[in-house]
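Residue numbers (this note's numbering): 1090 to 1211.
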């Protein structure tokens, strides 16, 4: 099994131009491999999520977003991709809106998470 770290080493040190004379017609495959790697490098795994089936034709994506409300989120469906991202909002760093806050254990974290939808999803 190839680990993500091994892929990182391969793509960081791989000279694609060395294969140019022998890989005619494979440019698209190399581009897809590179794009796949780049996408997964940016994906930190935050926020964690569950996908559950709700009935025969419905699915629910649950996100673990401590400290955020629906007003802090933007949900977009475009070109077969569902994207949920945080909206940059001013949060009072001194008290977090709580006058007696003694410890700040929940911090605001900017994120964007996307899922590719099947062609028959509406």
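Note that CB positions come from ideal geometry on N, CA and C, so glycine has one too.
Using only the alpha-carbon positions, how far apart do residue i and residue j sit?
i            : j            : result
residue 1157 : residue 1202 : 15 Å
residue 1154 : residue 1136 : 7 Å
residue 1110 : residue 1119 : 14 Å
residue 1144 : residue 1192 : 42 Å
residue 1169 : residue 1190 : 42 Å
residue 1149 : residue 1188 : 36 Å
residue 1200 : residue 1151 : 15 Å
residue 1142 : residue 1121 : 30 Å
residue 1174 : residue 1113 : 39 Å
residue 1146 : residue 1139 : 17 Å
residue 1116 : residue 1104 : 13 Å
residue 1207 : residue 1198 : 29 Å
residue 1106 : residue 1160 : 48 Å
Identify the continuous beta strand (DSSP E) that holds residue i and give its terminal residues.
i            : result
residue 1147 : Taken as a continuous stretch (DSSP letters only), residue 1147 belongs to no beta strand (DSSP E), as it is neither H nor E.
residue 1167 : 1162-1167
residue 1171 : 1170-1175
residue 1202 : 1201-1205
Using a Cβ-Cβ cut-off of 6 Å (strictly less than) and excluding sequence neighbours within five positions of residue i, which residues of its own chain qualify?
i            : result
residue 1172 : 1165, 1203
residue 1134 : none
residue 1195 : 1155, 1156
For residue i, which residues in the same chain have their Cβ closer than 8 Å to its Cβ, ignoring the five residues on either side in sequence?
i            : result
residue 1162 : 1154, 1173, 1174, 1175, 1176
Keeping to the same chain, check which residues put their C-beta closer than 7 Å to that of residue i; ignore five residues upstream and five downstream.
i            : result
residue 1210 : none
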